[in-house]
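Quick notes on the structure that follows.
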Amino acid sequence: MVGPRELSRVLRALRRLMGKHPVLYIKRAFATFLALGHHDMLLRRLARTYGERLPVWKAALDAHLPEVRHALVTGSAPCLVEGPPWLDATHLAADAQEAGILIERRCVFFMNDDSNARRCFWIGFSAIPLSGLSRAYGPP
């Protein structure tokens, strides 16, 4: 970076303040968190929760949206959905948001703007209680 001497001095001071390593008390708190097994406990709880919700979610997708392909990722909450050729996920996302349902378009991750890109989206199920999934997405 090129600039006046005073600017360089201020920027060097800022660089020292924004150090590359977290302060020691944060490192110690995180190490204690890990040593006490809290992270492992969280991972086990998430795996159990996702394991309970995944079959309900898969059954709901198969029952209510038989024309879509979906990839459920074990150990994760979102599901990649590829809709039928006529679907435009951009419009679907806007309509779903008005209904209080949030989905994420995946077309931004495709190199070109073809119909396959426009019909893909992510939808998650981790924030919905299992009872809500069963009630909302039970048999049609």
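Residue 173 is where the sequence shown starts when you use our numbering, and the numbers rise one by one after that.
No residue lacks a Cβ here, since even glycine has one placed at the ideal position from N, Cα and C.
Euclidean distance between Cα positions of residue i and residue j
i, j, result
"glycine 209", "methionine 173", "45 Å"
"alanine 289", "glycine 272", "24 Å"
"leucine 274", "alanine 265", "7 Å"
"proline 250", "phenylalanine 202", "27 Å"
"arginine 200", "glutamate 270", "45 Å"
"tryptophan 294", "alanine 268", "12 Å"
"histidine 211", "leucine 183", "37 Å"
"aspartate 234", "proline 256", "14 Å"
Chain-order list of residues whose beta-carbon lies under 7 Å from that of residue i (same chain, five-residue window excluded)
i, result
"leucine 259", "Arg291"
"glutamate 254", "Val240, Arg241, Arg291, Cys292"
Range covered by the alpha helix (DSSP H) that runs through residue i
i, result
"valine 182", "177–189"
"proline 227", "210–236"
Range of the contiguous beta strand (DSSP E) that encloses residue i
i, result
"leucine 135", "In this structure the chain extends from 173 to 312, so residue 135 is not present and cannot be described."
6 Å Cβ shell around residue i - same chain, five flanking residues per side excluded
i, result
"alanine 120", "Any question about residue 120 goes unanswered here, given that the chain covers just 173 to 312."
From the options, residue whose alpha carbon lies closest to that of residue i
i, options, result
"alanine 299", "Lys199, Asp267, Leu218", "Leu218"
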